[in-house]
Amino acid sequence: MSWLTVLPEDRFTTRLCDEIALCRSLLDQFHTKIKAYESFVSRIWMVASEEKELAPWRYQISECRAALHDLLGPISILQLHDTGEQLRRVGSQVQYVGSRIDNVHTEVRALGVLIENYLSNGITHMESEIRGVAADVQTVQQAVHKTLPRNISDPFFYVRNPLGERIPIPLSAYHIFDDLDRILGAYCHRPETGSRYVERGD
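Mind the numbering: the sequence shown is residues 190 to 391 in this note's numbering, read in order.
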């Protein structure tokens, strides 16, 4: 019976060890008793006297079993209680994490709605601004177009660039003739600045 082990010392384990030792002793005694009946005749006699031989041993074993049950029962209850408490704590933590995930999901969804509304309002505002600017530009273009003279010959000058290309300059581009005259005069009196490229237009 060397497979039976003992627990560390304290009041409870001492009693438990005593009960285990008693069970082991009973088993050893029973094993010693039946070992003596190895012959065929002895086996027949043992079968015939089974109740007489086994009844006291069974009673003692049942008492040891009851004692062990009384000792180990509270431990099992405590272990079940501790396990239940641990499971409840784990369940509470899982429930808390789940509620936090739900809160984050709700906040993310609300933030998505806010961003969507903000972008939608911003795009709508930009579209209205663009339409307003386009309308203003169209109005200015129409006003300028109405003020442009029709079928009027506009005198202009030609200016030749260093490549010899003629560039027409209409007089209507200047407020007064003196502005253009000063520019052309500056070119004419300064050959190095390109007065040779200026000629009279139609």
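Beta carbons: idealized from backbone N, C-alpha and C, even for Gly.
As the structure is a computational prediction, the values presented were derived from the model and not from experiment.
Just tell me which of the options has its CA closest to the CA of residue i.
{"i": "P263", "options": "L205, I290, V333, S317", "result": "L205"}
{"i": "D259", "options": "Y285, H270, E208, Q218", "result": "E208"}
{"i": "S251", "options": "K222, P357, C212, R289", "result": "C212"}
{"i": "Q249", "options": "R277, L276, F219", "result": "F219"}
{"i": "T203", "options": "L257, T221, I266", "result": "L257"}
Under 8 Å by Cβ, that's how I've got residue i and residue j pegged, so tell me the actual separation to the nearest angstrom.
{"i": "L215", "j": "W246", "result": "6 Å"}
Name, in chain order, the residues that DSSP records as bridge partners for residue i.
{"i": "P432", "result": "Nothing can be reported for residue 432, as the shown portion of the chain is limited to 190 through 391."}
Indicate, with yes or no, if the ligand ZN has a heavy atom lying under 7 Å from the CB of residue i.
{"i": "I319", "result": "The model on display carries no ligand, and the ligand ZN is accordingly not part of it."}
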